[in-house]
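Be aware that the sequence shown starts at 107, since it is given in the working numbering, and climbs by one per residue.
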Amino acid sequence: MSDNFKVIQPTTTVYCPKRGEGWTLTGITSIDEFTSVMFDGVRYTLPAREIVEQLLPNQLARESENQTTN
Numbered sequence: 107m108s109d110n111f112k113v114i115q116p117t118t119t120v121y122c123p124k125r126g127e128g129w130t131l132t133g134i135t136s137i138d139e140f141t142s143v144m145f146d147g148v149r150y151t152l153p154a155r156e157i158v159e160q161l162l163p164n165q166l167a168r169e170s171e172n173q174t175t176n
């Protein structure tokens, strides 16, 4: 991952195969911090690295799939 980090805004939609679709409750300003994510009414505290490297790409892939099927 690049040293350049783009700030992730609160309420950014993410996707986890186990928990489903969720959204960030707080923004992410550093890859080394933890942030809150809401999945199905349950708040989880997750490493920013997991969100940026896994959950955001998962959501982008889902959105891309939805656009090609519509």
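Heads up, the beta-carbon is just placed ideally off N, CA and C, and yes, glycines get one too.
{"query": "Cβ neighbours of L131 in the same chain (closer than 6 Å, five flanking residues each side left out)", "result": "S142 and M144"}
{"query": "Element boundaries [alpha helix (DSSP H), containing S170]", "result": "L162 to T175"}
{"query": "Close Cβ partners of V120 (< 8 Å) along its chain, the five nearest in sequence each way excluded", "result": "E127, G128, W129, T130, V143, I157, L161, L162, N164 and Q165"}
{"query": "Euclidean distance between Cα positions of G133 and L152", "result": "12 Å"}
{"query": "Residue nearest to S136 in terms of C-alpha spacing, selected from G147, R149 and Q115", "result": "Q115"}
{"query": "F140 versus T175 - alpha carbon distance", "result": "34 Å"}
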